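The structure appears below as structure tokens.
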Amino acid sequence: MATYAIGDLQGCYAEFDALLSRLDFSPSRDRLWLAGDLVNRGPGSLACLRRVMALEGAVETVLGNHDLHLLAVARGHGKLKRNDTLAEILAVPDCDALMDWLCAQPLLVADSARNRVMTHAGLLPQWSLAEARELAAEAEAVLGGDAVDDFLAEMYGNRPARWSPALEGLDRLRSIVNVFTRMRFIDADGTLDFSAKEGLDSAPAGFAPWFTYPRRHPREADLTLLFGHWAALEGETPGARVRAEALDTGCVWGGSLTALDLDSGERIAEPSHQMRR
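All residue numbers for the sequence shown refer to the UniProt record's numbering, where the first residue is 1 and numbers rise by one.
Here's what the structure looks like:
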């Protein structure tokens, strides 16, 4: 039995299928951890969504910002952007069922026995793992409940940029979800910057990658943090002061789709097929 963590699929179905074949992946034997952003920008978003759903108990996936964007658009609280490749999903007769499945997916998955955790964008250094799990569960309850439309209608936005336990209502939920799905650069107080999306040299003054800050909880120093979201890192975490594994290697941008064997540490990459079309 092997467990593999794979970065953002973003609709790269051909590469996903080829990578699973290279891994000789068997859902009866092996397990997948997917770092979110199953859909958008690539040509096979619907196929990715259906394949992951079909894997059922063999896969753990977290929600990414593109997955949440799909939910918002499908439920009438957002608009398609020029480069979105979500129209095929929105047109299928079972779109509502697909969205119900997405709503039920978590923002965080953890393996306490092996001391590892996965979210789409990372883990705020100020949060303990216990706190992060509680906050994820808080947002997940809304996404999977009757108030989901209230949140999706107010989900877009960069404020508040800094988490505070005193936050309430939709501001609190937006802050939680932004940390889990959109975080890249932060300052020493945990304020998020949303303007810079490229490599490390694009950091605004006073900001640095979240993984370059030590965790505030020394007993969690050995925690391995698995994340996607940041293709410009190309799978590297220079200057990391935590155990962080970057999984997004930019398949949809012509890079590769990478699987990390969580037991051996080996990385297996399938080159992007995007430039072959």
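Each residue gets a CB set at the ideal place from its N, CA and C atoms; glycine is no exception.
What you are looking at is a predicted structure, and each value in this text was computed from that prediction instead of being measured.
Are the CB atoms of residue i and residue j nearer to each other than 8 Å?
i, j, result
"Ser128", "His217", "yes"
"Leu32", "Val62", "no"
"Arg182", "Pro125", "no"
"Phe207", "Ile186", "yes"
"Ala35", "Ala5", "yes"
"Ala132", "Leu167", "no"
"Glu245", "Leu233", "no"
"Arg172", "Asp189", "no"
"Gly11", "Arg50", "no"
"Leu19", "Leu257", "yes"
"Gly64", "Ala72", "no"
"Val39", "His66", "yes"
"Asp263", "Ala14", "no"
"Phe180", "His120", "yes"
"Ala136", "Pro106", "yes"
"Arg75", "Asp149", "yes"
"Pro204", "Asp193", "yes"
"Ala110", "Gly144", "no"
"Tyr213", "Arg241", "yes"
With residue i as the anchor, note down where its alpha helix (DSSP H) starts and where it stops.
i, result
"Ala232", "Per DSSP, Ala232 belongs to no alpha helix (DSSP H) and is neither H nor E."
"Val92", "Counting along the chain, Val92 falls outside any alpha helix (DSSP H), and DSSP gives it neither H nor E."
"Val242", "No alpha helix (DSSP H) holds Val242; DSSP gives it neither H nor E."
"Val39", "No alpha helix (DSSP H) holds Val39; DSSP gives it neither H nor E."
"Leu262", "Unbroken run through Leu262: none, as it is neither H nor E."
"Val177", "169-182"
Give the C-beta separation of residue i and residue j to the nearest angstrom, bearing in mind that I take them to be a contact with Cβ-Cβ under 8 Å.
i, j, result
"His229", "Asp37", "7 Å"
"Leu70", "Leu86", "5 Å"
"Ala269", "Thr249", "7 Å"
"Ile89", "Ser28", "Not a contact, Cβ separation roughly 28 Å."
"Leu9", "Val117", "At roughly 20 Å, the Cβ-Cβ gap does not stay under 8 Å, so Leu9 and Val117 are not in contact."
"Gly157", "Arg174", "6 Å"
"Thr191", "Phe211", "Actually they are not in contact, since the Cβ atoms of Thr191 and Phe211 sit about 16 Å apart, beyond 8 Å."
"Gly7", "Leu247", "3 Å"
"Ala259", "Leu23", "6 Å"
Note the first and the last residue of the continuous beta strand (DSSP E) segment covering residue i.
i, result
"Phe227", "224-227"
Under 7 Å from any heavy atom of the ligand HEM, does the C-beta of residue i make it?
i, result
"Asp100", "Although the ligand HEM was asked about, the structure shown includes no ligands whatsoever."
Original post:
Per the contact definition of three or more C-beta pairs closer than 8 Å, is the stretch 193-203 in contact with the stretch 96-111?
Top reply: The answer is no - the stretch 193-203 does not touch the stretch 96-111, with fewer than three Cβ pairs under 8 Å.
Original post:
Three or more C-beta pairs closer than 8 Å, one from the stretch 145-158 and one from the stretch 247-257: is that the case here?
Top reply: Flag = no, the stretch 145-158 and the stretch 247-257 do not touch.
Original post:
Which runs of the beta strand (DSSP E) fall wholly inside the UniProt domain "Calcineurin-like phosphoesterase" (4-154) and span at least 3 residues, in chain order?
Top reply: If we require 3 residues or more, the beta strand (DSSP E) runs fully inside the UniProt domain "Calcineurin-like phosphoesterase" (4-154) come out as 31-34, 59-61, 108-111, 116-119.
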